[in-house]
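Each protein sequence line maps, in turn, to chains Y and A. Each step along the first sequence adds one to the number in UniProt numbering, with nothing skipped, and position 38 is 38. Each step along the second sequence adds one to the number in UniProt numbering, with nothing skipped, and position 182 is 182. Ideal Cβ positions, reconstructed from N, Cα and C, are used throughout, including at glycine. Below is one structure, written out as structure tokens; comments come after it.
Number of protein chains: 2
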Amino acid sequence: MDETSALQRRPDGTGPGPIRRTALHDTLVNHLRDMIIEGDLEPGTRLHEGQLGEQLGVSRTPLREAIKYLASEGLVELVPSRGAVVKRFSAKDVKDMLTVLRTLEELAGKLACEVASDKDIVGVRALHDQMIACYKSGDRLQYYKLNQDIHSAIVGLSQNAALGDIHIMLQTRLKRIRFIGHEGPEKWAAAVAEHEEMITALEARDKERLAEVLGRHLFNAWDRVRDSL
Amino acid sequence: MDETSALQRRPDGTGPGPIRRTALHDTLVNHLRDMIIEGDLEPGTRLHEGQLGEQLGVSRTPLREAIKYLASEGLVELVPSRGAVVKRFSAKDVKDMLTVLRTLEELAGKLACEVASDKDIVGVRALHDQMIACYKSGDRLQYYKLNQDIHSAIVGLSQNAALGDIHIMLQTRLKRIRFIGHEGPEKWAAAVAEHEEMITALEARDKERLAEVLGRHLFNAWDRVRDSL
DNA sequence: CTTTTGTATTCTGTATGCAGCATTTTTTGT
DNA sequence: ACAAAAAATGCTGCATACAGAATACAAAAG
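Structure follows, in structure tokens:
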């Protein structure tokens, strides 16, 4: 087995040069976050510093720092004298998060209609068209990714940094849930229709309509995942 | 001036063993947060690990972990190879945060009217009465603290953990700003009047009214601090 | 006098070592 | 054989040590 862990190698594996271009801290945080989101580390799992560190090829010190960072993000929980465990979200937790997310996206939609430039709106439209293409070709994974990107992009249009921060945070906490919820074809179609409506409202800069669609979209999202909890 | 803060007993001290009941991590995080909020560490200041550690009587390792935690909270910024600096918020940043906070408190108010128990509402009323007493006696510091407590309490009534988390985070980021903004007597009176309205609406479980007052209250708060930026 | 370059110092980033607490296993008493 | 106590194991929490990067300083060249 290759002793140099994947963490310390460049992602694209291109030629020689500095092994590390991004700070190890960020890399570690991202990697751990992905492991949690993708279920490599299930909720309730203890984050074993020694073992995990060896597995990733780093010593305990930077690993602990990354864990503390994630704890502040709310993905893991720190238990005194006992380390960190992956946080477990109840159905109510998820519903609560979606309630907040809904309100925030409604706000973002309204702000976006007010302050976004035409060019930026065209950019979102482009993402949307890509997403539709993925829908038609049945590329679920890419669809899912673009879906998230679109929502983030709309939040970005609002040009409110705090709103962006919190949105990302909530999206991250929910990602693991959504990762599971694979809705059936008819629900999928409904979601796509909602997206069509969204982009139309945005292009028309119709604040109220956009907010309403965004809210409904998330409400339906809750409906789609509630069974799988 | 007491230079040695009692974060931890020094090993060379001959006194009885250091009594550590709360985890050092939490203590450090809270202490650093306070230092930032109260202006001991001004925006733009570099967090000097060696010096700061010696000052607080802890080694660099737990200090760094606390800093990473605060970085995730958004109070400090991590610059690769250069450590951490206290984050500086522009006037627009503050306005953006207040915009989000406003929306969240409106949501919290509506939810609170729906799900809060009568007993809990009585509890908020008690805080309110205390605060009024502080207003009449001119105790600004305690007034300020109770003010925050009331807002947090209303959010608490909504029984939405995610909402609570985010609210605390935004309040924390804004605390330092508010710490500066000392409004004059007439504005203070206006704020108190708004609080009276709030508690009335809450006791009547009047969702829309409570949301409206909370929103107006924060909008005015922005007016009160905008000059001092 | 200004600019540049080489050197020294300081600070961050990471690894390692040690002590204390938790938990589990073994031992002992009934 | 079973329960309780005691020892042993493993892990976390903190401190220290070391290496590399960045900055500050100084000397030399233009």
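Practice task
In angstroms with no decimal places, state the Cα-to-Cα distance between residue 160 of chain A and residue 96 of chain Y.
Solution key: 6 Å
Exercise for the section: Report the residues of the stretch 54-68 of chain A with a CB closer than 8 Å to any CB of chain Y, ordered along the chain. Expected result: 61, 64, 65, 66, 68
Practice task
For the beta strand (DSSP E) containing residue 123 of chain Y, list its first residue and its last residue.
Solution key: That residue, residue 123 of chain Y, is in no beta strand (DSSP E); its alpha helix (DSSP H) goes 118-137.
Exercise for the section: Work out the CA separation of residue 98 of chain Y and residue 227 of chain Y for me, nearest whole Å. Expected result: C-alpha separation (whole angstroms): 15 Å.
Exercise for the section: Would you give the residue range spanned by the alpha helix (DSSP H) that residue 215 of chain Y belongs to? Expected result: 207-225
Practice task
Report yes or no: do the stretch 202-220 of chain Y and the stretch 135-145 of chain Y share at least 3 C-beta pairs separated by less than 8 Å?
Solution key: no
Problem - Closest residue to residue 69 of chain Y among Y:26, Y:127, Y:166 (Cα-Cα distance) - result: Y:26
Problem - Contact check, residue 208 of chain Y vs residue 119 of chain Y, beta carbons under 9 Å - result: no
Problem - Which listed residue (Y:184, Y:61, Y:158, Y:58) has its alpha carbon closest to that of residue 211 of chain Y - result: Considering only alpha carbons, the answer is Y:158.
Practice task
Going by DSSP, name the residue or residues bridged to residue 46 of chain Y.
Solution key: Y:85
Problem - Exposure of residue 79 of chain Y, with buried meaning 16 or more beta-carbon neighbours within 10 Å - result: exposed
Practice task
Please compile the residues from chain Y whose C-beta is within a distance smaller than 8 Å of the C-beta of residue 163 of chain A.
Solution key: 96, 99, 100
Problem - At least three beta-carbon pairs within less than 8 Å, the stretch 122-133 of chain A to the stretch 162-171 of chain A - result: no
Practice task
Report, in whole angstroms, the separation of the C-beta atoms of residue 206 of chain A and residue 113 of chain A, which I expect to be a contact under 8 Å.
Solution key: 7 Å
Problem - residue 38 of chain A - DSSP class collapsed to helix/strand/coil - result: coil
Exercise for the section: Under 7 Å Cβ to Cβ from residue 102 of chain Y, same chain only, skipping five residues before and after it: list those, please. Expected result: Cβ within range, chain order: 215, 218, 219.
Practice task
Taking residue 83 of chain A as the reference, give the member of A:91, A:94, A:90, A:67 with the closest Cα.
Solution key: A:67
Exercise for the section: Run the CB neighbour count on residue 237 of chain Y, radius 10 Å, all protein chains shown included, and call it buried at 16 or more, exposed below. Expected result: Residue coverage of chain Y in this structure runs from 1 to 229, which leaves residue 237 of chain Y outside it and unanswerable.
Problem - Beta carbon proximity, residue 10 of chain Y to chain A, threshold 9 Å - result: Summary for residue 10 of chain Y: the model assigns pLDDT 41, below 50, so the residue's position carries little reliability; its value from the coordinates is reported in the next sentence. No, residue 10 of chain Y does not count as interfacial toward chain A.
Handout entry: Bounding residues of the beta strand (DSSP E) (the contiguous stretch that carries residue 58 of chain Y)
Key = That residue, residue 58 of chain Y, is in no beta strand (DSSP E); it is neither H nor E in DSSP.
Exercise for the section: Return yes when at least one heavy atom of the ligand GDP lies under 8 Å from the C-beta of residue 43 of chain Y, else no. Expected result: Inclusion of the ligand GDP in the displayed structure is not the case, the ligand content being empty and no account of it being possible.
Handout entry: Beta-bridge pairing of residue 76 of chain A - partner residues as DSSP gives them
Key = A:86
Practice task
Return no unless some Cβ of chain A is closer than 9 Å to the Cβ of residue 80 of chain Y.
Solution key: yes
Exercise for the section: Give the DSSP-derived three-state secondary structure of residue 22 of chain A in the structure shown. Expected result: coil
Exercise for the section: Indicate whether at least one CB of chain Y lies closer than 9 Å to the CB of residue 178 of chain A. Expected result: Output row for residue 178 of chain A: interface = no.
Handout entry: Backbone CA spacing between residue 191 of chain Y and residue 130 of chain A [nearest angstrom]
Key = 50 Å
Problem - Pick from A:45, A:132, A:54 that is closest to residue 89 of chain A, judged by C-alpha positions - result: A:45
Problem - Assumed close pair residue 104 of chain A, residue 166 of chain A - CB separation to whole angstroms, cut-off 8 Å - result: 6 Å
Problem - Chain-ordered neighbours of residue 166 of chain A on chain Y, where CB pairs are closer than 7 Å - result: Those within 7 Å of residue 166 of chain A in chain Y are 100, 166.
Practice task
With residue 147 of chain Y as the anchor, note down where its alpha helix (DSSP H) starts and where it stops.
Solution key: 140-157
Exercise for the section: Tell me whether residue 65 of chain Y is buried or exposed, calling it buried when 16 or more other Cβ atoms sit within 10 Å of its Cβ. Expected result: buried
Exercise for the section: For residue 139 of chain A, decide whether its Cβ has a neighbour in chain Y, counting only Cβ atoms nearer than 9 Å. Expected result: no
Practice task
Given a cut-off of 9 Å, decide if residue 149 of chain A and residue 162 of chain Y are closer than it, judged by their beta-carbon atoms.
Solution key: no
Problem - Contact set for residue 24 of chain Y: own chain, Cβ-Cβ below 6 Å, skip 5 residues either direction - result: 62
Handout entry: Neighbour list for residue 107 of chain A in chain Y, Cβ cutoff strictly below 8 Å
Key = 99, 100, 103
Practice task
Alpha carbon to alpha carbon, how far is residue 76 of chain A from residue 55 of chain Y? Give it in angstroms, no decimals.
Solution key: Between residue 55 of chain Y and residue 76 of chain A, the C-alpha separation is close to 30 Å.
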